[in-house]
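Read the structure below first, then the notes.
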Amino acid sequence: MGILEDLKLPVGVIYGDDVLKLFTYAREKGFAIPAVNVTSSSTVVATLEAARDAKAPIILQTSQGGAAYFAGKGVKNSAEKQEASVGGAIAAAHYIRAVAPLYGIPVVLHTDHCAKKLLPWLDGMLDEDEKLPLWPPHGYLLEQRLHTVTEEPVNENIDTCVSYLKRMAPMKQWLEMEIGITGGEEDGVDNTGVDNASLYTQPEDIWQINVHGVYAPGNVRLHPELLGKHQAYVSEKLGRLANRSSLLRVPRRFWLEQAGVPRCHWRKPDAPRTAMQIANNSKHGVIKVNVDTDLQWAYLTGIRDYVTKNIDYLKTQVGNPEGPNKPNKKKYDPRVWVREGEKTMSTRVAEALNDFNAAGSL
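So that you can map any letter, position 70 of the sequence shown is 709 in the working numbering, and since no number is skipped, the others follow by simple counting.
Following this line, the structure appears as structure tokens:
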């Protein structure tokens, strides 16, 4: 018994109601699904391989910068149109749709942070989705979107997200929203001078919108117990307002939070992690975990170690310790050293799947 049998989910990229089934199942069974930032076909296959071997579902996501890299660093990416980021996200989605079924696991597509200045990226992806009316019931390009305008007032953030939610709802896409001061080192955000209390989502904000955690490498510690307090606060509100709550009138498949229970929360693995924190995350309904920085490092270590070990074979095309006329092609072929990065990244993804109890859930 497991996801595939219990939920009758297809393998490959899943959408809409199937994603709701998966997230609900994860919450009920007490596991979280890693969401891996991918920037190339190489990082995609490294992640899919790990999930396949661990018998687990996986979330693959692109950031605005990662999507641009997928398209190519030489492609124009203007602030007004975000051409490379839009094209790269579309290309990544098509590629993952094509190869994911080969790995025999359910895969959810997602996009990472979208600050206000990056909204043309979000618009471009939605434009592409709306050009594909024949795709359902097989789904659109990208199932979820993480929208962030956290530099703006909360009410403006909510209003912007509502406008996008209305556009996305007919396609049964998910909209994940961040509230509070969010971002980390890789986002160019330094929160070291910010009041500590402001770094965490407040109950009053949650009553306005869904639950979301916060991170920042080095100066924000995870506090999963806050989720429990936030849930209690919202549950009390819902109990008093009953069916008058506007939150309850929104179809739940279009929100990541319902009745005070978070369906989606993420954290960074480079923040302090303990077995107790992981257990508390599951206890409070955390079902999505962002994994990025650690995987970048893991990918590098495989290539770094390969180059260090084989440096005498990588200085020239011909000539090495075995002889002056010995060819080195088998050492410098990108398929060899790139594969070493995939191996170490895949190992780290497997660790995340085990950490959050997703391994073996198929």
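Where is the CB? At the ideal position from N, CA and C, for every residue including glycine.
Could you check the C-alpha separation between Gly651 and Gly711 for me, to the nearest Å?
-> Cα-Cα distance, rounded: 25 Å.
Status (buried if at least 16 other CB within 10 Å, exposed otherwise) for Gln703 | buried
Euclidean distance between Cα positions of Gly763 and Leu757 = 10 Å
Looking only at C-alpha atoms, which of Cys753, Asn794, Leu765 and Glu769 sits nearest to Glu815?
-> The residue with the shortest Cα to Cα distance from Glu815 is Cys753.
Contact the stretch 681–699 vs the stretch 728–743: 3+ CB pairs below 8 Å | yes
Exposed or buried, what is Met984 when buried is set at 16 or more other beta-carbons lying within 10 Å of its beta-carbon?
-> buried
Identify which residue in Val930, Asp656, Asn996 and Gly726 has its Cα closest to the Cα of Ala808.
-> Asp656
Between which two residues does the alpha helix (DSSP H) harbouring Glu979 extend?
-> Pro973 to Asp994
Would you mind sorting Lys965 into buried or exposed? The rule is 16 or more other CB atoms within 10 Å of its CB.
-> Answer is exposed; the Cβ neighbour count stays below 16.
Paired residues, beta bridge with Asn676 - DSSP = Gln700
Counting only the same chain and skipping the five closest in sequence on each side, list residues whose C-beta sits under 6 Å from that of Ile942.
-> Trp976, Glu979 and Gly980
Contacts around Asp751, its chain only, beta-carbon distance under 7 Å, and the 5 residues preceding and following it disregarded | Asn676, Gln700, Thr701, Ser702 and Leu785
His733 by DSSP, collapsed to three states: which one?
-> In this structure, His733 counts as helix in the three-state DSSP scheme.
If we ignore side chains and look at the alpha-carbon of each, how far apart do Val725 and Ser802 end up?
-> 20 Å
Does DSSP put Gly999 in a helix, a strand or coil?
-> Looking at Gly999 - three-state DSSP - the assignment turns out to be coil, as it is neither helix nor strand.
Residue from Asn716, Lys660 and Glu817 whose Cα sits closest to the Cα of Asp798 = Glu817
Proximity of Lys927 and Ala674 at Cβ, strictly below 8 Å | Between Lys927 and Ala674, the C-beta gap is smaller than 8 Å, which places the two residues in contact.
Of the residues Ile735, Ala665, Phe709 and Ile642, the one placed nearest Glu688, counting alpha carbons only = Ile735
Which partner residues does Asp750 have in the DSSP bridge list?
-> Residue identity differs from the one stated: residue 750 is Thr in this sequence, not Asp. Bridge partners of Thr750: Thr701.
Please classify Pro792: does DSSP put it in a helix, a strand, or coil?
-> coil
Could you spell out the range, first to last residue, of the beta strand (DSSP E) harbouring Lys965?
-> Gly962 to Pro966
Does the Cβ of Thr955 have 16 or more other Cβ atoms within 10 Å, making it buried, or fewer, making it exposed?
-> exposed
How big is the Cα-Cα spacing for Pro973 and Thr947?
-> 15 Å
Given Phe995 as reference, the closest of Tyr708, Leu761 and Ala690 once Cα atoms are compared | Ala690
Buried or exposed (CB count within 10 angstroms, at least 16 for buried), Asn716 | buried
Can you tell me the Cα-Cα spacing of Pro963 and Ile950, whole angstroms?
-> Approximately 15 Å between the Cα atoms of the pair.
What are the boundary residues of the beta strand (DSSP E) that Lys927 is part of?
-> Lys927 to Val930 is the span of the beta strand (DSSP E), which, as asked, contains Lys927.
Helix, strand or coil for Gln714 per DSSP?
-> Going by the sequence as given, residue 714 is Val instead of Gln. In the three-state scheme derived from DSSP, where H, G and I count as helix and E and B as strand, Val714 is classed as coil.
Have a look at the DSSP bridge pairing and note the partners of Gly585.
-> Only positions 640 to 1001 of the chain appear in the structure, and residue 585 is not among them; the question remains open.
Confirm, please, whether the CB-CB distance from Leu661 to Leu643 is below 8 Å.
-> At a Cβ-Cβ threshold of 8 Å, Leu643 and Leu661 do not count as neighbours.
Which residues does DSSP pair with Val725 in a beta bridge?
-> In the DSSP output, where bridge partners are listed per residue, Val725 has none listed.
Could you tell me the distance, in whole angstroms, from the CA atom of Lys685 to the CA atom of Val746?
-> One detail in the question is off: residue 685 reads as Ala in this sequence, not Lys. So the two alpha carbons sit approximately 14 Å from each other.
Return the CA-CA distance between Thr682 and Ile653, expressed in angstroms with no decimal places.
-> 20 Å
Skipping 5 residues on each side, what residues in its chain have a beta carbon closer than 8 Å to that of Leu646?
-> Asp657, Lys660, Leu661 and Tyr664
Pick from Ala695, Ala671, Glu719 and Asp768: whose alpha carbon is nearest that of Ala739?
-> Ala695
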